[in-house]
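Going down the list, the protein sequences come from chains Y and Z. Start counting the first sequence at 1; every next residue gets the next number (the working numbering). Start counting the second sequence at 87; every next residue gets the next number (the working numbering).
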Amino acid sequence: MGAKLVQVTIDGAPVVVPRGTSVAAALLSTGLSRFRDSVSGTPRGPLCGMGTCFECVVTVDGQAWVRSCLVECVDGLEVETHERAP
Amino acid sequence: MAAAGAAAESGRSVVLVDRRPHLGGNVWYPVAGGPPVAEAMASLRRLERPNVRVVTGAEVLDHPRASTLLVGAGGTAWETGFGQLVLATGARERFLPFPGWTLPNVTGAGGLQLLAKAGLSMKGRSVVVAGSGPLLLAVAAYLREQGADIRLVAEQSPNWRVWRLAVGLVRERDRLQQALDLRRQLRGVPYRYGCWVVRAEGDGKVEKVVLRSGRREWTEDCDFLACGFHLLPNLELAELLGCRIRAGFVAVDEFQGTSLPGTYAAGEPVGIGGLELARLEGEIAGLAATDQRPRAAALFVERRRLARFRGALDRAFPLNPQLRGMVTPETIVCRCEDVRAEAVASYRSGREARLQTRCGMGRCQGRVCGPATEFLWGWNPRGVRPPIVPATVEQLVLRDLSNEASTAGLER
Chain Y
1 MGAKLVQVTI DGAPVVVPRG TSVAAALLST GLSRFRDSVS GTPRGPLCGM
51 GTCFECVVTV DGQAWVRSCL VECVDGLEVE THERAP
Chain Z
87 MAAAGAAAES GRSVVLVDRR PHLGGNVWYP VAGGPPVAEA MASLRRLERP
137 NVRVVTGAEV LDHPRASTLL VGAGGTAWET GFGQLVLATG ARERFLPFPG
187 WTLPNVTGAG GLQLLAKAGL SMKGRSVVVA GSGPLLLAVA AYLREQGADI
237 RLVAEQSPNW RVWRLAVGLV RERDRLQQAL DLRRQLRGVP YRYGCWVVRA
287 EGDGKVEKVV LRSGRREWTE DCDFLACGFH LLPNLELAEL LGCRIRAGFV
337 AVDEFQGTSL PGTYAAGEPV GIGGLELARL EGEIAGLAAT DQRPRAAALF
387 VERRRLARFR GALDRAFPLN PQLRGMVTPE TIVCRCEDVR AEAVASYRSG
437 REARLQTRCG MGRCQGRVCG PATEFLWGWN PRGVRPPIVP ATVEQLVLRD
487 LSNEASTAGL ER
């Protein structure tokens, strides 16, 4: 159908998703479930889906600690996963 | 939305701040790239007035001084002054720890539904839905409609409690009908009462889930485990402002007024009661906040009717104390700081544990582990400190600059 597509970059690779897809959903859709590593190095991905738990944080356009469930994909958006907690 | 719409009819200037990129809250949130949901259209149209400013993707960070909020969005922040304030901060899911709950693809129940709405395709994905509350059915039905293979719905509450709720709903046909419709949509999906997740296992992400019902334990393979234990009110802002909290909810009078003058609260922060009640309370709060009290009072009867459901829900889904047994000594309790149960179980209070182990000191500020440790060890989850959402240094500098400006103004 007429869903408009946008292209984003996830860890350097181009990914095309329908406009309005959240960054979290886009990452999961590519089969990626490890969004970041916790303070003790265990893999983490989205939990609450609504901006409360901070498990799904990634770097978006150079801004660290962005909750990927709260941001929508737009053309040219650059996402980097695997942030480590400070 | 209801509060802002009602308040706008007074002609006063209204600012609506919402955390997510679109309005609608968790129930009416639009599907990715799609139009607003049909039910929300009337409420959205009501906001299309010159005296209403809608700010999405923004959150209240702090309450730097009287009648002022610090609002943050995307690395920036600004102050918003107000005469009256309506808190409609909604609810979140309660999460309880069990071995493997930190694995990727273990999400909330509503959490997975939100991710699906946000564009995650569920086609062909196998999902175990577990936890507690009426949300489980709604989530399972939605995910199935989206093509998911729902392996099982595991409700921790025993069947007699849930059935008693159903019987109590006989007077409220719409709600009963909703529940029956959901069950029909889930035909063929096992729905088990008194059943819960013992642990989740997988290499790098969840691959299987061990469940228990009575003495029986078995394993289900799945791509996702969607697990949440009913809902909890988001009270951080109310607490920051100093609103009186009673029995875990914001205390309000008949006009939805909190203990603070000019400050109102509506929806789940006042009591978990669902969409219709939340909308009506929002309407009352918005009217009362803008000198339209007679119109607000005309809605009291309807609110009383809808509020009957509130108590019934609490009685139907109390947490089974046996759920505490899910936690092993090695189970992570605080996900932000990776604090394990064995490291904190000996402390007498959350405060003590926080100081010694950083439990609850991470980015979520105890929103996840606070309610969990309350259930596990009876620790008080209350107590907030600004900023109530992690903020960047730049955002806080903006706050401090404006504080200095106001102080300087006073000295002059």
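From the three backbone atoms N, C-alpha and C, an ideal C-beta is built for every residue, glycine too.
I'd like to know whether the C-beta of residue i is nearer than 7 Å to at least one C-beta of chain Y.
i, result
"ASP424 of chain Z", "yes"
"SER96 of chain Z", "no"
"LEU102 of chain Z", "no"
"CYS420 of chain Z", "no"
"VAL413 of chain Z", "no"
"ASN191 of chain Z", "yes"
"ARG453 of chain Z", "yes"
"LYS291 of chain Z", "yes"
"PRO150 of chain Z", "no"
"VAL449 of chain Z", "The question names Val, yet the displayed sequence has Arg at residue 449 of chain Z. For ARG449 of chain Z, the answer is yes, since a Cβ of chain Y falls inside 7 Å of its Cβ."
"THR188 of chain Z", "yes"
"GLY167 of chain Z", "no"
What residue from the options has the CA that sits closest to residue i's CA?
i, options, result
"GLY328 of chain Z", "Z:PHE461, Z:GLU231, Z:PRO347, Z:PHE184", "Z:PRO347"
"SER243 of chain Z", "Z:PRO407, Z:ALA375, Z:VAL225", "Z:PRO407"
"THR154 of chain Z", "Z:VAL146, Z:GLY160, Z:GLY161", "Z:VAL146"
"SER345 of chain Z", "Z:PHE461, Z:SER207, Z:ILE331", "Z:ILE331"
"LEU198 of chain Z", "Z:PHE184, Z:PRO185, Z:VAL214, Z:THR349", "Z:VAL214"
"GLY360 of chain Z", "Z:SER218, Z:ALA177, Z:MET127", "Z:ALA177"
"GLY210 of chain Z", "Z:GLY194, Z:LYS203, Z:SER218, Z:GLU231", "Z:GLU231"
"VAL356 of chain Z", "Z:ALA383, Z:LEU323, Z:GLU293, Z:HIS149", "Z:LEU323"
"CYS308 of chain Z", "Z:LEU318, Z:LEU321, Z:ARG285", "Z:ARG285"
"ARG36 of chain Y", "Y:GLY76, Y:VAL8, Y:THR59, Y:LEU70", "Y:THR59"
"ASP289 of chain Z", "Y:VAL17, Y:ALA25, Y:ALA24, Y:PRO43", "Y:PRO43"
"GLY51 of chain Y", "Y:CYS73, Y:ALA24, Y:THR30, Y:VAL74", "Y:ALA24"
"SER29 of chain Y", "Z:TRP114, Z:SER99, Z:LYS203", "Z:LYS203"
"GLY196 of chain Z", "Z:THR162, Z:ARG180, Z:THR188", "Z:ARG180"
"ALA128 of chain Z", "Z:VAL100, Z:ALA92, Z:ARG105", "Z:ALA92"
"THR190 of chain Z", "Z:GLU125, Z:LYS291, Z:THR305", "It should be pointed out that residue 190 of chain Z corresponds to Pro in this sequence rather than to Thr. Measuring from the Cα of PRO190 of chain Z, the nearest candidate turns out to be Z:LYS291."
"ASP235 of chain Z", "Z:LEU311, Z:LEU392, Z:VAL172", "Z:LEU311"
"ARG449 of chain Z", "Y:VAL17, Y:ALA13, Y:VAL39", "Y:VAL39"
"ASP339 of chain Z", "Z:ILE370, Z:MET412, Z:GLY111", "Z:ILE370"
"ARG135 of chain Z", "Z:SER432, Z:ALA159, Z:PRO121, Z:GLU95", "Z:GLU95"
"ASP267 of chain Z", "Z:CYS313, Z:PRO107, Z:VAL225", "Z:VAL225"
"TYR115 of chain Z", "Z:LEU200, Z:LEU251, Z:ARG270, Z:PRO220", "Z:LEU200"
What residues match up with residue i in a beta bridge as DSSP calls it?
i, result
"CYS281 of chain Z", "Z:SER299"
"ILE358 of chain Z", "According to DSSP, ILE358 of chain Z bridges with nothing at all."
"ALA13 of chain Y", "Y:ILE10"
"VAL239 of chain Z", "Z:VAL215, Z:TYR277"
"ALA312 of chain Z", "Z:THR193, Z:VAL215"
"TYR350 of chain Z", "Z:VAL172, Z:GLY343"
"THR59 of chain Y", "Y:GLU80"
"ILE331 of chain Z", "Z:VAL336"
Rounded to whole angstroms, how far is the Cβ of residue i from the Cβ of residue j, which I believe are closer than 8 Å?
i, j, result
"ALA352 of chain Z", "GLY334 of chain Z", "At roughly 16 Å, the Cβ-Cβ gap does not stay under 8 Å, so ALA352 of chain Z and GLY334 of chain Z are not in contact."
"ALA458 of chain Z", "VAL425 of chain Z", "Going by Cβ atoms, the distance from ALA458 of chain Z to VAL425 of chain Z rounds to 11 Å, so no, they are not a contact pair."
"ALA216 of chain Z", "ALA89 of chain Z", "At roughly 34 Å, the Cβ-Cβ gap does not stay under 8 Å, so ALA216 of chain Z and ALA89 of chain Z are not in contact."
"GLN20 of chain Y", "GLY119 of chain Z", "According to the sequence provided, residue 20 of chain Y is Gly. The question's Gln does not apply to it. So it is a contact: roughly 3 Å between Cβ atoms."
"LEU272 of chain Z", "LEU223 of chain Z", "7 Å"
"TYR350 of chain Z", "VAL138 of chain Z", "About 17 Å; that fails the 8 Å criterion."
"ALA427 of chain Z", "TYR433 of chain Z", "Wrong, their Cβ atoms sit about 11 Å apart, outside the cutoff."
Within the 7 Å Cβ cut-off, does residue i reach chain Z?
i, result
"VAL6 of chain Y", "no"
"CYS56 of chain Y", "no"
"VAL15 of chain Y", "no"
"VAL39 of chain Y", "yes"
"GLY76 of chain Y", "no"
"ALA64 of chain Y", "no"
"GLU72 of chain Y", "yes"
"ARG36 of chain Y", "no"
"LEU28 of chain Y", "yes"
"THR21 of chain Y", "yes"
"PRO46 of chain Y", "yes"
"GLY51 of chain Y", "yes"
So does residue i have its beta carbon nearer than 6 Å to some heavy atom of the ligand COA?
i, result
"CYS422 of chain Z", "The ligand COA is not among the ligands present in this structure, which contains no ligands whatsoever."
Beta strand (DSSP E) segments (min. 3 residues) lying fully within the stretch 413 to 449 of chain Z: 418 to 420
Can you check the stretch 143 to 167 of chain Z for any beta strand (DSSP E) of at least 3 residues that lies completely inside it and give the ranges in chain order? Whole beta strand (DSSP E) segments, 3+ residues: 145 to 151, 154 to 159, 162 to 167.
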